[in-house]
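Everything below concerns the one structure shown next.
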Amino acid sequence: MNFNSAPTVSLKATSAGFPFLTKHLSLPYKVRIQLEAQSSEAPSTSNGVFPTGSLSLSTPHAEIWIQGKQLLIRDRSSTYGTYINGIRIQEQTLLQDGDILTLGEQIARASAPANATDSQLCPIEATVKIVGA
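Here is the structure:
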C-alpha cells in the first residue's frame, strides 16, 4: 500500500453486526484512532466512537494507525477481542481493503441482561474500505 496523502478508512456495518452509520476515518501519519464504545465523546461518522448498545464493545476496544506504508490495527485488551476476517488478533495486525473487522463477539442470550435486544447481543462488524491508498 502506498499512501500519497492521508488515507480515509471507511467502516461499513454488515447485516450480521450491531447497526451503526458508516464511518469515514481520516488517518494522518502518526495519529492513532481509537475504536470504542460511546463514553464522553458522542459517536459520529468521522470518529471511532460507536453508539451505545453493543454489549461486547469495550472502551477502549482497538486502535488503527498508519505506520510506514501500512494500515495497522491492534486490540487494546478488550474483553471480547478484535477479529480480522474471523481470526482473533493478539498483536498489531495489517488491515487491508475488503477485510471484515469485528469488534467483540456474539453474546449468548443466557448471559445477557433480560432487557437486551437482539442487536445489542451482536458485535460491531464492518467491511473495511481504504480510500487514498
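My numbering runs 6 ahead of the 1-based position in the sequence shown.
Quick reminder that beta carbons are idealized off the backbone N, C-alpha and C, glycines included.
A quick note: this is a predicted structure, and the numbers were derived from the prediction, not measured.
Alpha carbon of residue i to alpha carbon of residue j, nearest angstrom
{"i": "Leu-63", "j": "Ile-130", "result": "7 Å"}
{"i": "Ala-22", "j": "Ala-132", "result": "9 Å"}
{"i": "Gln-102", "j": "Gly-59", "result": "27 Å"}
{"i": "His-30", "j": "Trp-71", "result": "14 Å"}
Identified DSSP bridge partners for residue i
{"i": "Ser-16", "result": "His-30, Lys-135"}
{"i": "Phe-56", "result": "Ala-43"}
{"i": "Thr-108", "result": "Tyr-89, Glu-131"}
{"i": "Arg-115", "result": "Note: Arg-115 sits in no beta bridge, so no partner."}
Contact check, residue i vs residue j, beta carbons under 9 Å
{"i": "Gly-110", "j": "Leu-61", "result": "yes"}
{"i": "Leu-78", "j": "Thr-51", "result": "no"}
{"i": "Lys-135", "j": "Val-15", "result": "yes"}
Beta strand (DSSP E) segment containing residue i, residue limits
{"i": "Ala-43", "result": "39-43"}
{"i": "Leu-101", "result": "Unbroken run through Leu-101: none, as it is neither H nor E."}
{"i": "Thr-88", "result": "88-90"}
{"i": "Asp-81", "result": "76-81"}
{"i": "Thr-69", "result": "Here the sequence assigns Glu to residue 69, which means Thr is not the residue at that position. Element bounds for Glu-69: 68-73."}
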